[in-house]
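Quick notes on the structure that follows.
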Amino acid sequence: MSAVIIDGAKIAGQVKERVAQGVADLNKTKGVRACLAVILVGDDPASISYVSGKTKALAEAGMADRSIRLPATVSQEELLDRISVLNADDSVHGILVQLPLPEHIDSRKVVQAIHPKKDVDGFHPVNLGNLVIGSRSFLPCTPHGVLKLLRETGIRTDGARAVIVGRSNIVGKPLAILLARRDCNATVTICHTGTRDLPAVTREADILIAAAGRPGVITADMVKPGAAVIDVGVNRVPDASKKSGFRLTGDVDFEAVKEVASFITPVPKGVGPMTIAMLMHNTLEAACLSCGYGLF
Ligand code: NAP
């Protein structure tokens, strides 16, 4: 039997509706309008497209948008200055710098310059550290979105074997920590390019999460029958039949894997919309925390 296809766009829509309600409540009760500043450096087409998705979601949620666009030639010093102005501005609750940045800019310094209370991406070492020790923090949006998808779909994590392919600081590692926390209670394995016999490891997974950024790296023979497969990958592959010249595809061979798995996320409309929805959630949380409003 073919897998249930998880409708990430629908679940993200529900999250965004709840956020919009929270934004309206906060505004009515405290007179505070939740506000995010997205900083985009340069003109990478994928980054432009991600940022436009975020600014559209801000408008839909009724949040203020203080986004800034800077040329690829901007100096690191100027970028850090811009962040420090936003850090000091009480009307801005969240700050996000779209990655990747041009090579002359040290991304780590930039991420660390954002005040942890405004770090709605959850990439600051203080937030990642709090995540590891189980203290309150902004959860990184994509891992948080994956958890939400699992919960809303009724996929049990308690006692499950979860295998994550990818160990980046923004997806693989934080997701592994979240899934291993007591509230999820999964037994987690992280794979990477040094993993020996990847298919043997992935076949052990009740929940298989692909976050490698390699189109089709997960094939049907790597999936245990009945597993839930979450595809985080977003890859642009050339496609002459498309006006843009490319199409988006995940890391999973979707057509073949859906015949083996019990649940599967598509690309697009799987994890992607959840990332934006959780960013909206974090921005509302930051705004509530800034004025002691007890939504969170
Ligand atoms: P990344 O920093 O490039 O990390 C990729 C990870 O995958 C690395 O740990 C790498 O191993 C591992 N890997 C690559 N090829 C592999 C292979 N053949 N076998 C086993 N492991 C392999 O990527 P990222 O930033 O985490 O992003 C991963 C993917 O998710 C990308 O396609 C990205 O566009 C997508 N993404 C989507 C969203 C969303 O909202 N849907 C958000 C963020 C990212 P090594 O460490 O050994 O190099």
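Counting from 156, one number per residue, gives the positions in the sequence shown under our numbering.
Each residue gets a CB set at the ideal place from its N, CA and C atoms; glycine is no exception.
Residues Ile166 of the same chain have their beta carbon placed closer than 6 Å to that of Glu307, with the five preceding and five following residues left out of the count. By a beta-carbon distance limit of 8 Å, Leu304 does not contact Ile419. Their separation comes to about 11 Å. Shown here for Val343: same chain residues with a beta carbon closer than 6 Å to its own, the five before and five after excluded, namely Ala317, Ala331, Leu334 and Ala335 in chain order. For the ligand NAP, no non-hydrogen atom lies closer than 6 Å to the CB of Thr404.
For the options Val170, Ser230 and Ala432, the alpha carbon positioned closest to that of Val196 is the one of Ser230.
If you ignore the 5 residues before and after Tyr448, its C-beta comes within less than 6 Å of the C-beta of Leu181 and Lys185, all in its own chain and listed in chain order.
Distances between the C-beta of His347 and the heavy atoms of the ligand NAP include at least one below 6 Å. The Cβ-Cβ distance between Val378 and Val412 falls below 7 Å. In this structure, Thr357 and Ile373 form a Cβ contact; the two beta carbons are roughly 7 Å apart against a cut-off of 8 Å. Contact between the stretch 208-224 and the stretch 262-272 is absent: fewer than three C-beta pairs spanning the two stretches fall below 8 Å. Just so you know, the alpha carbons of Met433 and Gly277 end up roughly 11 Å apart.
Annotation: Val301 is outside any beta strand (DSSP E); the continuous alpha helix (DSSP H) that includes it extends over Cys296 to Thr308. When Cβ pairs closer than 8 Å are counted between the two stretches, the stretch 230-247 is seen not to touch the stretch 284-299, the count staying below three.
When C-alpha distances from Ala164 are compared across Val187, Pro329, Ile431 and Cys446, the shortest belongs to Ile431.
With a cutoff of 6 Å, Gly427 counts as near the ligand NAP, since its C-beta is closer than that to a heavy atom of the ligand.
Residue burial annotation: Gly177 is buried, with at least 16 other C-beta atoms found within 10 angstroms of its C-beta. Not one heavy atom of the ligand NAP is found less than 6 Å from the C-beta of Ile160.
For Pro393, the uninterrupted beta strand (DSSP E) segment begins and ends at Asn390 to Pro393. The Cβ atoms of Asp406 and Gly388 sit closer than 7 Å to each other. DSSP lists Val318 and Val384 as the bridge partner or partners of Leu363.
Assigned with DSSP and collapsed to three states, Ile288 falls in helix. Looking at the backbone, the Cα of Ser157 and that of Ile319 are separated by about 22 Å. For the pair Gly309 and His259, the Cα-to-Cα distance works out to about 45 Å.
Per DSSP, Ala192 lies in no alpha helix (DSSP H) segment; the continuous beta strand (DSSP E) that holds it begins and ends at Cys190 to Val196. Between Lys209 and Val193, the gap from beta carbon to beta carbon is short of 7 Å. Judged by DSSP in its simplified three-state form, Cys443 adopts helix. Secondary structure note for Gly249: it is in no alpha helix (DSSP H), and the uninterrupted beta strand (DSSP E) holding it is Gly249 to Val252. For Val247, the CB contacts under 6 Å within the same chain, skipping 5 residues up- and downstream, are Cys190, Ala192, Arg221 and Leu241 in chain order.
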